[in-house]
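Quick notes on the structure that follows.
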Amino acid sequence: MSRPIYDRVALIGLGLIASSMAHAMKKWGLAGSVAGHARTAETRAAALEIGFCDEVFETAAEAVKGADLVVLAVPVGAMRAVAEEIGPHLKPGATVTDVGSVKQAVVAAVAPHVPEGVHFVPGHPLAGTEHSGPHSGFATLFQNRWCLLVPANADPEAVARLRALWEGMGSYVDEMDAAHHDLVLAVTSHTPHLIAYTMVGVADHLSRVTESEVIKYSAAGFRDFTRIAASDPTMWRDVFLTNKEATLDILGRFTEELFVLQRAIRMGDGQHLHDYFTRTRAIRRGIIEAGQDTAAPDFGRTKSAGD
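Structure below.
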(Lines of atoms letter the chains of each structure in order from A and count residues from 1; the text may use other names and numbers.)
(Lines give C-alpha, C1' and ligand atoms only; values in the text may rest on other atoms or scores of the structure.)
Protein backbone atom coordinates (compact mmCIF):
# COMPACT_ATOMS: atom_id res chain seq x y z
CA MET A 1 0.00 0.00 0.00
CA SER A 2 1.27 3.46 -0.86
CA ARG A 3 1.99 6.01 1.84
CA PRO A 4 -1.05 8.03 2.99
CA ILE A 5 -1.36 11.55 1.60
CA TYR A 6 -1.85 12.89 5.14
CA ASP A 7 -0.64 11.11 8.27
CA ARG A 8 -3.32 12.64 10.47
CA VAL A 9 -6.60 14.27 9.43
CA ALA A 10 -8.93 16.14 11.78
CA LEU A 11 -12.60 16.50 10.86
CA ILE A 12 -14.44 19.31 12.59
CA GLY A 13 -18.09 18.42 12.20
CA LEU A 14 -19.10 14.81 11.54
CA GLY A 15 -22.10 14.95 9.22
CA LEU A 16 -22.65 13.58 5.72
CA ILE A 17 -19.63 15.13 4.01
CA ALA A 18 -17.10 14.60 6.80
CA SER A 19 -18.18 11.03 7.49
CA SER A 20 -18.07 10.25 3.76
CA MET A 21 -14.57 11.71 3.57
CA ALA A 22 -13.51 9.52 6.48
CA HIS A 23 -14.99 6.39 4.90
CA ALA A 24 -13.28 7.21 1.59
CA MET A 25 -9.91 7.99 3.18
CA LYS A 26 -9.98 4.71 5.06
CA LYS A 27 -11.20 2.69 2.08
CA TRP A 28 -8.37 3.90 -0.16
CA GLY A 29 -5.63 4.41 2.46
CA LEU A 30 -5.42 8.18 2.03
CA ALA A 31 -4.97 9.06 5.72
CA GLY A 32 -2.93 7.45 8.46
CA SER A 33 -5.50 8.27 11.13
CA VAL A 34 -8.70 10.28 11.38
CA ALA A 35 -9.63 12.36 14.40
CA GLY A 36 -12.98 14.05 14.78
CA HIS A 37 -14.97 16.57 16.75
CA ALA A 38 -18.69 17.15 16.87
CA ARG A 39 -20.74 19.43 19.07
CA THR A 40 -22.93 16.68 20.55
CA ALA A 41 -21.87 13.64 22.54
CA GLU A 42 -24.36 11.56 20.55
CA THR A 43 -22.63 12.33 17.24
CA ARG A 44 -19.17 11.72 18.71
CA ALA A 45 -20.31 8.34 20.02
CA ALA A 46 -21.81 7.45 16.64
CA ALA A 47 -18.52 8.26 14.85
CA LEU A 48 -16.66 5.82 17.09
CA GLU A 49 -19.37 3.17 16.89
CA ILE A 50 -19.51 3.31 13.08
CA GLY A 51 -15.71 3.38 13.02
CA PHE A 52 -14.94 6.16 10.57
CA CYS A 53 -13.00 8.08 13.26
CA ASP A 54 -10.09 6.56 15.15
CA GLU A 55 -10.63 8.99 18.01
CA VAL A 56 -12.99 11.84 18.82
CA PHE A 57 -12.63 14.89 21.03
CA GLU A 58 -15.02 17.12 22.94
CA THR A 59 -13.38 20.27 21.60
CA ALA A 60 -12.19 21.29 18.17
CA ALA A 61 -8.95 22.58 19.68
CA GLU A 62 -8.06 19.10 20.96
CA ALA A 63 -8.99 17.43 17.68
CA VAL A 64 -6.67 19.52 15.49
CA LYS A 65 -3.51 19.03 17.55
CA GLY A 66 -0.89 17.30 15.41
CA ALA A 67 -3.16 17.16 12.35
CA ASP A 68 -1.63 17.57 8.90
CA LEU A 69 -5.04 18.37 7.40
CA VAL A 70 -7.96 20.03 9.16
CA VAL A 71 -11.35 19.91 7.45
CA LEU A 72 -13.99 22.39 8.60
CA ALA A 73 -17.30 20.63 7.97
CA VAL A 74 -19.58 22.86 10.00
CA PRO A 75 -22.31 25.27 8.86
CA VAL A 76 -20.92 28.43 7.28
CA GLY A 77 -22.29 30.52 10.14
CA ALA A 78 -20.14 28.56 12.62
CA MET A 79 -16.86 28.84 10.68
CA ARG A 80 -15.58 31.99 12.35
CA ALA A 81 -15.95 30.69 15.91
CA VAL A 82 -14.36 27.35 15.04
CA ALA A 83 -11.42 28.99 13.23
CA GLU A 84 -10.83 31.28 16.18
CA GLU A 85 -10.82 28.30 18.54
CA ILE A 86 -8.43 26.10 16.57
CA GLY A 87 -6.04 28.78 15.30
CA PRO A 88 -3.56 28.65 18.21
CA HIS A 89 -3.46 24.84 18.11
CA LEU A 90 -2.74 24.26 14.43
CA LYS A 91 0.44 22.42 13.52
CA PRO A 92 3.00 24.46 11.52
CA GLY A 93 2.87 23.35 7.91
CA ALA A 94 -0.65 21.94 8.25
CA THR A 95 -3.40 22.65 5.72
CA VAL A 96 -6.84 23.93 6.68
CA THR A 97 -9.71 23.44 4.24
CA ASP A 98 -13.49 23.47 4.39
CA VAL A 99 -16.45 21.93 2.57
CA GLY A 100 -18.86 24.87 2.67
CA SER A 101 -20.94 25.78 -0.38
CA VAL A 102 -20.16 29.49 0.01
CA LYS A 103 -16.60 30.68 -0.37
CA GLN A 104 -16.31 34.47 0.03
CA ALA A 105 -17.93 34.35 3.46
CA VAL A 106 -15.77 31.40 4.52
CA VAL A 107 -12.57 33.15 3.45
CA ALA A 108 -13.57 36.26 5.39
CA ALA A 109 -14.44 34.21 8.48
CA VAL A 110 -11.52 31.78 8.56
CA ALA A 111 -8.47 33.43 6.97
CA PRO A 112 -7.83 35.98 9.77
CA HIS A 113 -7.47 33.14 12.28
CA VAL A 114 -5.08 30.93 10.29
CA PRO A 115 -1.56 31.54 11.65
CA GLU A 116 1.54 32.15 9.60
CA GLY A 117 3.01 28.88 8.35
CA VAL A 118 -0.37 27.15 8.06
CA HIS A 119 -1.91 26.79 4.59
CA PHE A 120 -5.56 27.71 3.99
CA VAL A 121 -7.13 26.17 0.90
CA PRO A 122 -10.93 26.57 0.84
CA GLY A 123 -12.81 23.80 -0.91
CA HIS A 124 -16.27 22.65 -1.88
CA PRO A 125 -17.18 19.10 -2.95
CA LEU A 126 -20.20 19.21 -5.26
CA ALA A 127 -21.67 16.04 -3.85
CA GLY A 128 -24.32 15.21 -1.33
CA THR A 129 -27.69 13.71 -0.62
CA GLU A 130 -30.73 15.03 1.21
CA HIS A 131 -29.61 13.10 4.30
CA SER A 132 -27.45 14.41 7.12
CA GLY A 133 -25.66 13.18 10.23
CA PRO A 134 -22.87 10.67 10.89
CA HIS A 135 -24.91 7.66 9.76
CA SER A 136 -25.50 9.13 6.30
CA GLY A 137 -21.91 8.98 4.99
CA PHE A 138 -20.53 6.47 2.50
CA ALA A 139 -17.17 6.06 0.76
CA THR A 140 -18.30 6.52 -2.84
CA LEU A 141 -20.17 9.81 -2.37
CA PHE A 142 -17.47 11.76 -4.23
CA GLN A 143 -16.96 9.33 -7.11
CA ASN A 144 -17.12 11.18 -10.45
CA ARG A 145 -18.27 14.39 -8.74
CA TRP A 146 -16.50 17.74 -8.88
CA CYS A 147 -14.62 19.36 -6.02
CA LEU A 148 -13.84 23.05 -6.38
CA LEU A 149 -10.77 24.50 -4.68
CA VAL A 150 -10.29 28.22 -4.07
CA PRO A 151 -6.53 28.45 -3.43
CA ALA A 152 -6.05 32.24 -3.90
CA ASN A 153 -2.38 32.70 -2.89
CA ALA A 154 -1.98 29.38 -1.10
CA ASP A 155 1.24 27.38 -1.32
CA PRO A 156 1.18 25.37 -4.60
CA GLU A 157 2.46 22.22 -2.88
CA ALA A 158 -0.31 22.39 -0.27
CA VAL A 159 -2.88 22.85 -3.04
CA ALA A 160 -1.47 19.94 -5.04
CA ARG A 161 -1.57 17.70 -1.97
CA LEU A 162 -5.20 18.56 -1.24
CA ARG A 163 -6.06 18.03 -4.90
CA ALA A 164 -4.46 14.57 -4.70
CA LEU A 165 -6.65 13.73 -1.70
CA TRP A 166 -9.86 14.66 -3.51
CA GLU A 167 -8.77 12.82 -6.61
CA GLY A 168 -7.96 9.82 -4.44
CA MET A 169 -11.56 9.91 -3.18
CA GLY A 170 -12.79 9.82 -6.77
CA SER A 171 -13.45 13.50 -7.46
CA TYR A 172 -12.67 15.65 -10.44
CA VAL A 173 -10.96 18.81 -9.20
CA ASP A 174 -11.07 22.34 -10.54
CA GLU A 175 -9.96 25.72 -9.20
CA MET A 176 -11.68 29.11 -9.29
CA ASP A 177 -11.80 32.36 -7.35
CA ALA A 178 -14.24 32.82 -4.48
CA ALA A 179 -16.56 35.38 -6.13
CA HIS A 180 -16.97 33.30 -9.28
CA HIS A 181 -17.59 30.19 -7.20
CA ASP A 182 -20.41 31.86 -5.31
CA LEU A 183 -22.08 33.04 -8.52
CA VAL A 184 -21.82 29.62 -10.15
CA LEU A 185 -23.25 27.90 -7.08
CA ALA A 186 -26.07 30.41 -6.85
CA VAL A 187 -27.16 29.13 -10.29
CA THR A 188 -26.47 25.42 -9.87
CA SER A 189 -27.37 24.86 -6.22
CA HIS A 190 -28.52 27.73 -4.02
CA THR A 191 -31.42 29.09 -6.07
CA PRO A 192 -32.70 25.59 -6.99
CA HIS A 193 -32.79 24.71 -3.30
CA LEU A 194 -34.70 27.90 -2.50
CA ILE A 195 -37.23 27.15 -5.24
CA ALA A 196 -37.63 23.56 -4.01
CA TYR A 197 -38.25 24.75 -0.45
CA THR A 198 -40.79 27.25 -1.81
CA MET A 199 -42.63 24.62 -3.84
CA VAL A 200 -42.96 22.41 -0.76
CA GLY A 201 -44.29 25.42 1.11
CA VAL A 202 -46.91 25.98 -1.60
CA ALA A 203 -47.88 22.30 -1.49
CA ASP A 204 -48.13 22.44 2.29
CA HIS A 205 -50.50 25.38 2.05
CA LEU A 206 -52.63 23.66 -0.60
CA SER A 207 -52.62 20.36 1.30
CA ARG A 208 -54.43 22.04 4.15
CA VAL A 209 -57.06 23.27 1.69
CA THR A 210 -57.41 19.95 -0.11
CA GLU A 211 -57.11 17.67 2.92
CA SER A 212 -53.58 16.49 2.04
CA GLU A 213 -54.38 15.49 -1.54
CA VAL A 214 -51.37 17.40 -2.90
CA ILE A 215 -49.03 15.31 -0.73
CA LYS A 216 -51.02 12.08 -1.01
CA TYR A 217 -51.06 12.08 -4.80
CA SER A 218 -47.61 13.48 -5.45
CA ALA A 219 -46.28 12.11 -8.71
CA ALA A 220 -42.62 11.70 -9.67
CA GLY A 221 -42.29 15.33 -10.77
CA PHE A 222 -43.09 16.78 -7.37
CA ARG A 223 -41.21 14.03 -5.54
CA ASP A 224 -38.01 14.35 -7.57
CA PHE A 225 -38.07 18.14 -7.84
CA THR A 226 -38.50 18.64 -4.10
CA ARG A 227 -36.04 15.94 -2.94
CA ILE A 228 -33.44 18.57 -2.05
CA ALA A 229 -35.92 20.36 0.20
CA ALA A 230 -35.21 17.62 2.75
CA SER A 231 -31.67 18.97 3.21
CA ASP A 232 -30.29 20.33 6.48
CA PRO A 233 -32.12 23.59 7.36
CA THR A 234 -29.27 25.09 9.40
CA MET A 235 -26.80 24.68 6.55
CA TRP A 236 -29.16 26.24 4.03
CA ARG A 237 -30.12 29.11 6.29
CA ASP A 238 -26.43 30.02 6.50
CA VAL A 239 -25.91 29.60 2.76
CA PHE A 240 -28.61 32.09 1.88
CA LEU A 241 -27.51 34.60 4.49
CA THR A 242 -23.87 34.46 3.39
CA ASN A 243 -24.36 34.27 -0.39
CA LYS A 244 -27.11 36.84 -0.42
CA GLU A 245 -26.10 39.01 -3.39
CA ALA A 246 -25.46 36.20 -5.88
CA THR A 247 -28.59 34.29 -4.86
CA LEU A 248 -30.81 37.37 -5.14
CA ASP A 249 -29.30 38.14 -8.55
CA ILE A 250 -30.06 34.67 -9.90
CA LEU A 251 -33.46 34.59 -8.20
CA GLY A 252 -34.33 37.86 -9.94
CA ARG A 253 -33.34 36.38 -13.30
CA PHE A 254 -35.41 33.28 -12.56
CA THR A 255 -38.43 35.45 -11.76
CA GLU A 256 -38.05 37.28 -15.07
CA GLU A 257 -37.93 33.98 -16.97
CA LEU A 258 -40.98 32.77 -15.07
CA PHE A 259 -42.95 35.89 -16.01
CA VAL A 260 -42.14 35.28 -19.70
CA LEU A 261 -43.42 31.70 -19.46
CA GLN A 262 -46.46 32.86 -17.53
CA ARG A 263 -47.29 35.27 -20.33
CA ALA A 264 -46.77 32.57 -22.99
CA ILE A 265 -49.23 30.29 -21.19
CA ARG A 266 -51.77 33.09 -20.78
CA MET A 267 -51.50 34.10 -24.43
CA GLY A 268 -51.53 30.52 -25.72
CA ASP A 269 -48.08 30.90 -27.28
CA GLY A 270 -47.35 27.22 -27.80
CA GLN A 271 -44.40 27.87 -30.10
CA HIS A 272 -42.56 29.85 -27.42
CA LEU A 273 -43.20 27.13 -24.84
CA HIS A 274 -42.05 24.37 -27.22
CA ASP A 275 -38.87 26.23 -28.18
CA TYR A 276 -38.07 27.03 -24.55
CA PHE A 277 -38.61 23.46 -23.36
CA THR A 278 -36.57 22.08 -26.27
CA ARG A 279 -33.62 24.32 -25.41
CA THR A 280 -33.73 23.60 -21.69
CA ARG A 281 -34.17 19.86 -22.24
CA ALA A 282 -30.91 19.84 -24.18
CA ILE A 283 -29.15 21.47 -21.24
CA ARG A 284 -30.58 18.90 -18.84
CA ARG A 285 -29.50 16.04 -21.10
CA GLY A 286 -26.03 17.55 -21.17
CA ILE A 287 -25.82 17.16 -17.38
CA ILE A 288 -26.50 13.44 -17.70
CA GLU A 289 -24.07 13.06 -20.60
CA ALA A 290 -21.39 14.77 -18.50
CA GLY A 291 -21.86 12.05 -15.87
CA GLN A 292 -23.22 14.41 -13.24
CA ASP A 293 -26.51 12.54 -12.82
CA THR A 294 -27.91 9.10 -13.50
CA ALA A 295 -31.17 7.37 -14.24
CA ALA A 296 -30.57 5.05 -11.28
CA PRO A 297 -33.12 5.02 -8.43
CA ASP A 298 -32.71 7.90 -5.98
CA PHE A 299 -30.38 9.56 -8.50
CA GLY A 300 -27.72 6.94 -7.72
CA ARG A 301 -26.93 8.66 -4.44
CA THR A 302 -27.61 5.79 -2.05
CA LYS A 303 -25.11 3.53 -0.34
CA SER A 304 -23.90 0.66 -2.44
CA ALA A 305 -22.90 -2.71 -1.07
CA GLY A 306 -19.59 -2.66 0.72
CA ASP A 307 -19.43 1.11 1.25
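Under UniProt numbering, think of the first position of the sequence shown as 1, with each following residue one higher. Ideal placement from N, C-alpha and C gives every residue a C-beta, glycine not left out. Predicted model, so just to flag it, every value in this text is computed and none were measured.
Separation of Val99 and Arg263 (C-alpha to C-alpha, rounded to the nearest whole angstrom) is 41 Å.
With contacts defined as CB atoms closer than 8 Å, Val121 and Leu141 fail to qualify as a contacting pair. Sixteen is the threshold: since fewer than 16 other Cβ atoms of the shown chains lie within 10 Å of the Cβ of Gln271, the residue is exposed. Looking from the CA of Asp7, the closest CA among Arg44, Ala94, Ser19 and Leu126 belongs to Ala94.
Using a 10 angstroms sphere on the CB of His274, the tally of other CB atoms stays under 16, which defines it as exposed. 8 Å or more divides the Cβ of Leu69 from the Cβ of Ile12. Rounded to whole angstroms, the gap between the alpha carbons of Gly117 and Phe277 is 53 Å.
Taking the C-beta atoms as reference points, Val187 is found no nearer than 8 Å to Ile283. Only exposed fits Pro112, as fewer than 16 other CB atoms lie within 10 angstroms of its CB. In the DSSP annotation of this structure, the continuous segment of the alpha helix (DSSP H) that includes Ser19 starts and ends at Leu16 to Lys27. Relative to Gly137, the option among Asp224, Gly51 and Ala78 whose CA is nearest is Gly51. A straight-line Cα-Cα distance of about 12 Å links Pro192 and Leu248. With a cutoff of 8 Å on beta-carbon distance, Gly15 and Gly133 are scored as near each other.
One alpha carbon belongs to Ala160, the other to Arg3, and they sit about 16 Å apart. Boundaries for Glu58: no alpha helix (DSSP H) harbours it, and the DSSP string shows neither H nor E there. In the structure shown, the three-state DSSP call for His124 is strand. For the alpha helix (DSSP H) assignment, the uninterrupted runs of no fewer than 4 residues enclosed by the region 56-103 are, from N- to C-terminal side, 60-64 and 79-86. Put simply, the backbone Cα of Ser189 is about 28 Å away from that of Gly36. Sequence-distant Cβ neighbours of Trp146 in its own chain, meaning closer than 7 Å and more than five residues away, are Leu126, Ser171, Tyr172 and Asp174.
For Cys147, the pairing in a beta bridge is given by DSSP as Pro125 and Val173.
The beta carbon of Thr198 sits closer than 7 Å to none of the beta carbons in its chain outside the five residues before and after it. Contact check for Glu84 against Ala61 fails: the beta carbons are separated by 8 Å or more. Note: Leu11 is bridge-paired with Gly36 and Val71 in the DSSP secondary-structure output. For His131, the three-state secondary structure derived from DSSP is coil.
For Gly51, no alpha helix (DSSP H) encloses it, and the DSSP letter there is neither H nor E. For Pro156 and Ala105, the gap between their C-alpha atoms comes out near 23 Å. Excluding the 5 residues flanking it on each side, Ala230 has same chain C-beta neighbours closer than 6 Å at Glu130, in chain order. Considering only Phe254, Lys91 and Val260, the residue with the shortest C-alpha distance to His119 is Lys91.
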